[in-house]
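Listed in order, the protein sequences are those of chains A and B. The numbering of the first sequence is my numbering, which starts it at 223 and goes up by one. The numbering of the second sequence is my numbering, which starts it at 223 and goes up by one. Below: one structure, written as C-alpha cells.
2 protein chains.
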Amino acid sequence: MIDKIKIIEAYNFRHACKVFDTNKKISDADFSFILETARLSPSSFGFEPWKFLVVQNKDLRDKLKLITWGAQGTLPTASHFVVILARKQKAMKYDSQYIKHMMEDVHRLTDDVIQKRRGFVKTFQESDFNLIESERAMFDWASKQTYIALANMMTSAAMINIDSCPIEGYKAKEMEKLMTDDFGIDHTEYGVTCMVAFGYRIDKQRNKTRQDTDEIIQWFN
Amino acid sequence: MIDKIKIIEAYNFRHACKVFDTNKKISDADFSFILETARLSPSSFGFEPWKFLVVQNKDLRDKLKLITWGAQGTLPTASHFVVILARKQKAMKYDSQYIKHMMEDVHRLTDDVIQKRRGFVKTFQESDFNLIESERAMFDWASKQTYIALANMMTSAAMINIDSCPIEGYKAKEMEKLMTDDFGIDHTEYGVTCMVAFGYRIDKQRNKTRQDTDEIIQWFN
C-alpha cells in the first residue's frame, strides 16, 4: 500500500522533459528498476510483443538524432535512451511460432488450454477486428501494448524522481533502415513504436495543462 | 520519492483479475484517485484523445456482457467498470476543431506557437506516418495514447491494493451500435479502444509469467 498523495505527486512530477542535466547519471540499480516495471507490464493475451533497445552508444545516438525530430534535446543529454520495438504480423498472428512459444514455454499452458486460447486469438484477430488483413493494423495492435510498458516506465521513473520524455516524432522509413543497418534488427520481425528518454531535469517544469475531469469522464449510474 | 521495493510489489500484485468479490466496493475517494491518474497521463502532443465511461448501471453492464466475451466474469462482479474511448480522425487531424481547442483553450499557447506546432502535427500525420489516408491508422494512433492512461489506472490501483482487469475482447460492430444506441456516443467522434474493470480479488493470484530480461532488453553501449 502506497500513499495516494505521494503517487499523485509523482504523476504531477512527470512531464515531457526536453533536456536533461548531462552531469547526472541514473544509477544502474535505478535503471534496472525502471526496465523491470516494463518487463512486468501486462499485454494482450500476455504475449509481451515488445523489445527495448537501450541506446547509450554516442554514434548510434547521433544517427538517431538525424531522423528523430522529437528527440533533438534529449538524445544528446539523456542519461539513458530507450527505443521501443513491437513485433509484427509474422510473430503476432494466432498461429505463429512466437505465439506458440509464448503459450508453451513462457505461460506453460497445457495443450488443451493452448488450443482453446488460440481459438480466442483467432476470433479476435479475424472476426472481431480483422487484424489479419492488414500488416499495419496488426502492428498497431502490438504497438498499443508497448504503450502500457512505456507508461509504466515513465511512472515508475517519476516515483523515484527521475525525469523522462516520450518520443513519437521520427522519420518512419529512415528509422526502419537505421534499425536494420546499424542495430541489426530484422524489420520483418520488429518495428519501432516509440522512444523514451530518461535523466534528470535541468530546466523548471512548466505548469501541467489537462482537460477537466467532467470533460473526459462520464458516469452511467 | 517512493520506495522501489514497494513499487515492484505493486507491479507484481497487479494481475488480470477475472472475478471480483461482490461484497467489496471501492470507495469514492479511491476511485477518484484512479481516474485522476488517467487524467494526468501524457499523450502525443498533449492532445488527450480519450474519454472514460464509468459503467455502474446494471442494465448497461448486462448489454455490454452480451458482446464482450473478455469480461464475462468481471462485468457482473466489478466494483467499477470503465469503457475507454479514443477520438477518431475527425477530431485528431492536425487542422481539426478539437486540436485547435486543445492548443488554444487547454494548452493556452500563443498563435505563433500553435501555427508551428500544427506544422509538426501535419508532418507527423502526413509525411512520417501517413495517418491521414486511413481512418483506422489515425484511430489506432489515438488508441495508443489511451493505453498509457489504461496502464496508469491499473498501476495506481495496484499501489493501493485494488485489483483490475484490462479487456480487449468484444465484438467491434455490435459495440459501435451499443455505444450509439445506449450510451449516446457519437461514433463519428469516438470509438471504443479497450475496457478495464476494478474491484477486489476473490481468488488467489496465479504465478506471474514473463520473458527473461535478456530476451526483451538489448543494450547498445
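Here a beta-carbon is modelled for each residue, glycine too, at the ideal position from N, C-alpha and C.
Practice task
Would you decide whether B:G406 is buried or exposed? Buried here means 16 or more other CB atoms lie within 10 Å of its CB.
Solution key: Exposed, because fewer than 16 other Cβ atoms sit within 10 Å of the Cβ of B:G406.
Practice task
Name the two residues that bound the continuous beta strand (DSSP E) containing B:R389.
Solution key: The residue you asked about is not Arg; residue 389 of chain B is Ile in the sequence shown. If you look at B:I389, you'll find it in the beta strand (DSSP E) that goes 385-389.
Practice task
Would you mind reading off the limits of the beta strand (DSSP E) that contains A:A359?
Solution key: That residue, A:A359, is in no beta strand (DSSP E); its alpha helix (DSSP H) goes 357-381.
Problem - Rounded Cβ spacing between B:G391 and B:W272 (contact assumed at less than 8 Å) - result: Separation of the CB atoms of B:G391 and B:W272 is rounded to 20 Å, and the pair is thereby denied contact status at 8 Å.
Problem - Length of the line joining the Cα atoms of A:A359 and B:A308 - result: Counting only the Cα atoms, B:A308 lies some 16 Å from A:A359.
Handout entry: Chain-ordered chain B contacts of A:T435 [CB-CB under 9 Å]
Key = From the beta-carbon of A:T435, the residues of chain B found nearer than 9 Å are S254, L257, E258, R261.
Exercise for the section: Report yes or no: is there a C-beta of chain A within less than 8 Å of the C-beta of B:A394? Expected result: True, the Cβ-Cβ gap to chain A drops below 8 Å.
Handout entry: Under 8 Å between C-beta atoms of B:I229 and A:S318
Key = Inclusion of B:I229 and A:S318 in the CB contact set at 8 Å is not warranted, their separation being larger than that value.
Problem - Reduced DSSP category for B:V277 - H, G, I as helix; E, B as strand; rest coil - result: In this structure, B:V277 counts as strand in the three-state DSSP scheme.
Handout entry: Chain-order list of residues whose beta-carbon lies under 7 Å from that of A:T244 (same chain, five-residue window excluded)
Key = Cβ within range, chain order: T299.
Practice task
Tell me the start and end of each unbroken alpha helix (DSSP H) in the segment 241-319 of chain B that is at least 4 residues and wholly inside, in chain order.
Solution key: Here the runs fully enclosed are 250-261, 280-289, 311-314.
Practice task
Apply the 10 Å Cβ neighbour rule to A:Q427 and answer buried if 16 or more other Cβ atoms are within range, or exposed otherwise.
Solution key: With fewer than 16 other Cβ atoms within 10 Å, it is exposed.
Practice task
Report buried or exposed for B:I227, applying the criterion of at least 16 other Cβ atoms within 10 angstroms of its Cβ.
Solution key: That one is exposed.
Handout entry: C-beta contact flag for B:Y320 and B:K344 at 8 Å
Key = Taking 8 Å as the Cβ cut-off, B:Y320 and B:K344 do not qualify as a contacting pair.
Problem - Residue from B:D403, B:F442, B:D333 with nearest C-alpha to A:D404 - result: Checked all of B:D403, B:F442, B:D333; the closest Cα to A:D404 is B:F442.
Exercise for the section: Answer yes or no: do A:C387 and A:T296 have a C-beta to C-beta separation smaller than 8 Å? Expected result: Taking 8 Å as the Cβ cut-off, A:C387 and A:T296 qualify as a contacting pair.
Problem - Residues near A:Y412 in its chain [Cβ-Cβ closer than 8 Å; skip 5 each side] - result: Answer for A:Y412: K273, L307, A308, R309, K310, M401, listed in chain order.
Problem - Per-residue contacts from A:K226 into chain B (C-beta, under 7 Å) - result: Within 7 Å Cβ-Cβ: F255, I382.
Problem - Reduced DSSP secondary structure (H/G/I, E/B, other) of A:R432 - result: A:R432: coil per DSSP, three-state reduction.
Practice task
Return the CA-CA distance between B:D333 and B:I289, expressed in angstroms with no decimal places.
Solution key: In this structure, the straight-line span from the alpha carbon of B:D333 to that of B:I289 is close to 46 Å.
Handout entry: B:F420 and B:I256 closer than 8 Å at C-beta
Key = For B:F420 and B:I256, yes; Cβs fall inside 8 Å.
Problem - Cβ pair A:H329, A:I248 closer than 8 Å - result: No, they are not a contact pair.
Practice task
Report the neighbours of A:T444 on chain B: residues whose CB is nearer than 7 Å to its CB, in chain order.
Solution key: There is no way to answer for residue 444 of chain A, as the model of chain A reaches only from 223 to 443.
Practice task
Using a Cβ-Cβ cut-off of 8 Å, state whether B:V418 counts as contacting chain A.
Solution key: No, B:V418 lies away from the interface with chain A (no Cβ there is under 8 Å from its Cβ).
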